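Chemist:
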């Protein structure tokens, strides 16, 4: 006999059936079933050393799977044709005279999400969370959320109490499971795990190098630590110490799951490589990725009564049309290109780090010590002169070259990384720099290696990040460099051609800078100098 809503409620209230946490009957109770919620533990198959699952000899299935744990309310994306093991939020304990039966929700099945179509029976005496087998039979990804209603359990009274309930069975290997639990079939009599020595690893269905980026986006959503910037109150979710590797012989890593502003990448890199620090060049070429920073400095001066009121649009127009104004207000002190080409010293001379690096590579075909540094501690806020201060150390602050066997690789260390807006740009920029340096020094491009310190997404970018995660990567493009390029100062934006770039549409998101260049308190500075 299947229990009605009245009997389900009565059995739970009396403790005959135990559900933990206690259900909200108004939300979860149906005419003859109780809805259960999705937990935060998942298991997915990963590329492993096993080329197949042998049901006679058995395999270590748990070794073939990877657990993904998301935070409460977090999201998990199940791609088309994927298989996932999930778990309910609730723990269920059944008496010896009642069995349970788990079914998926019809509303989810109509989206192509198949939930627990086999092994739906939960024996009398069961105790533990319910593990579900999920499959996406549809053609589009489905975003699931921890805490959503995922399935329903019905309860059936059997003819008499079971003589040997589940927990007393010899084979009760799934009792008390608290997370997504892989198959334990190898524990059954007559089966054993057999090492698959020398087994060929099967091709991964997600071996496109862009999945490094997409997987990190998902990891940030699932495991990112909340941080609040003390100066602005801006909230981010971050991880520390990650790395991407791109083999540049296998395509150019211009991300395809959203359109990347290629013109901006090339123009900004030229701006860096030519040692410029005034945004007028970028503004004149309709590249506005650096507009906010000089305007923030100008706004601080407005606040102090040192400059007249002007909107950002008026400010940028003035930069474009008034050379003297641009010279006064368009400079960004000690940014990347300035540090690359004009590193200041205690004397009046400057150091051209980029030219030194090229000479080092040419003189030593197996160099591994050539480094360009963009961070000068002298310009940190606490120790800087007015107008020269950076609130934090510069973001992508150092890169190192390794030349070996005619291949040149570059590794970038990036202190702070805006994963949604900044990182796709940074990947393309430094990958292109790697190719240019290889061309100038007579090498073939090797790897671009991107090492991250604090990598994060801003709270207001979350919806955009989730939208990008719904997309599948397309083939990477290639780039062609002008064969006449011989020296670093010969490089111009027209020296590079992008070939075969296809992408998904752009995804817009607002810039949320929390660091960058700031001025000191001008009022305090003036008062300090008056005392002198």
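In the working numbering, the protein residues as written are 4 to 535.
Cβ coordinates follow ideal geometry from the N, Cα and C atoms, glycine included.
Owing to the predicted nature of the structure, the values given are computational and were not obtained by experimental measurement.
1. Evaluate the contact criterion for the segment 325 to 337 versus the segment 404 to 411: three or more CB pairs, one atom per stretch, below 8 Å.
2. Give me the residue from 500, 479, 462 and 468 with the minimum Cα distance to residue 231.
3. Pull up the distance between the alpha-carbon of residue 118 and that of residue 38, whole angstroms please.
4. For residue 476 and residue 430, what's the separation of their Cα atoms in angstroms?
5. Quick one: residues in its chain with C-beta nearer than 8 Å to the C-beta of residue 447, no 5 flanking neighbours on either side, listed in chain order?
6. Taking the alpha-carbon positions, what's the residue 310 to residue 293 distance?
7. When DSSP labels each residue in this structure, what does residue 64 get in the three-state scheme?
8. Under a Cβ-count criterion, where at least 16 other Cβ atoms within 10 Å of its own Cβ denotes burial, should residue 29 be classed as buried or exposed?
9. Quick one: what's got a C-beta closer than 8 Å to residue 151's C-beta in the same chain, skipping five residues either side?
10. What is the residue span of the beta strand (DSSP E) that residue 411 lies within?
11. With distances taken from CA atoms, which of 270, 472 and 352 is nearest residue 436?
12. Counting only runs that start and end within the segment 238 to 295, where is the alpha helix (DSSP H) found for 4 or more residues in a row?
13. Looking only at its chain, what residues have a beta carbon closer than 7 Å to the beta carbon of residue 272, apart from the 5 residues adjacent to it on each side?
14. Once the 5 residues before and after residue 354 are set aside, which same chain residues still bring their CB inside 6 Å of it?
15. On the DSSP bridge assignment, give the partners of residue 78 in chain order.
16. For residue 334, count neighbouring C-beta atoms within 10 Å of its own C-beta (all shown protein chains included) and say buried if the count is 16 or more, exposed if not.
17. Helix or strand or just coil, what does DSSP make of residue 464?
18. Hey, would you say residue 468 sits closer than 8 Å to residue 482, going by beta carbons?
19. Thinking C-beta only, is residue 261 closer than 8 Å to residue 536?
20. How many angstroms separate the CA atom of residue 528 from the CA atom of residue 445?
21. Determine the extent of the alpha helix (DSSP H) in which residue 435 is found, giving its start and end residues.
22. On the criterion of 16 or more Cβ atoms from any shown chain inside 10 Å, does residue 14 qualify as buried, or is it exposed?
23. Taking C-alpha atoms, which residue in 274, 223 and 242 lies nearest to residue 472?
24. Is the CB-CB distance between residue 125 and residue 6 below 8 Å?
25. Distance, Cα to Cα, residue 12 vs residue 110?
26. Measure the alpha-carbon distance for residue 88 versus residue 139 and round it to whole angstroms.
27. Would residue 225 and residue 21 qualify as a contact pair, given that the criterion is a beta-carbon distance under 8 Å?
28. Mind checking which residues open and close the beta strand (DSSP E) that includes residue 91?
29. Per the DSSP calculation, residue 448 is bridged to which residue(s)?
30. According to DSSP, residue 401 sits in a beta bridge with which residue or residues?
31. Distance check for residue 168 and residue 96, CA to CA, integer angstroms please.
32. Quick one: using the 10 Å Cβ neighbour count with 16 as the cut-off for buried, is residue 9 buried or exposed?
33. If you measure between the beta carbons of residue 236 and residue 280, is that distance less than 8 Å?
34. In the DSSP assignment, what are the bridge partners of residue 40?
35. For a quick check, are the C-beta atoms of residue 103 and residue 156 less than 8 Å apart?
36. Tell me which residue opens and which closes the alpha helix (DSSP H) that residue 180 is part of.
Modeler: So, to answer that:
1. no
2. Of 500, 479, 462 and 468, the residue nearest in Cα terms is 462.
3. 13 Å
4. 16 Å
5. Excluding residues within five positions, the ones whose Cβ falls inside 8 Å are 252, 409, 410, 411 and 441.
6. Residue 310 and residue 293 have their C-alpha atoms spaced approximately 21 Å apart.
7. helix
8. Looking at its Cβ environment, which holds fewer than 16 other Cβ atoms inside 10 Å, residue 29 is exposed.
9. Correct list, in chain order: 40 and 41.
10. Start and end: 410 to 421.
11. Here the closest residue by C-alpha is 270.
12. 265 to 276 and 283 to 287
13. 432, 435 and 436
14. 346
15. 148
16. buried
17. helix
18. no
19. Not covered by the structure: residue 536. The range shown for the chain is 4 to 535.
20. With a pLDDT of 38 at residue 528, under the threshold of 50, the predicted position of this residue should be treated as unreliable, and no value is reported.
21. 425 to 443
22. buried
23. 223
24. No.
25. 24 Å
26. 12 Å
27. Taking the C-beta atoms as reference points, residue 21 is found no nearer than 8 Å to residue 225.
28. 86 to 96
29. In DSSP, residue 448 forms a bridge with 411.
30. 376 and 416
31. 12 Å
32. exposed
33. No. Outside cutoff.
34. 152
35. Yes, the pair counts as a contact, with Cβ atoms nearer than the cut-off.
36. That residue, residue 180, is in no alpha helix (DSSP H); it is neither H nor E in DSSP.
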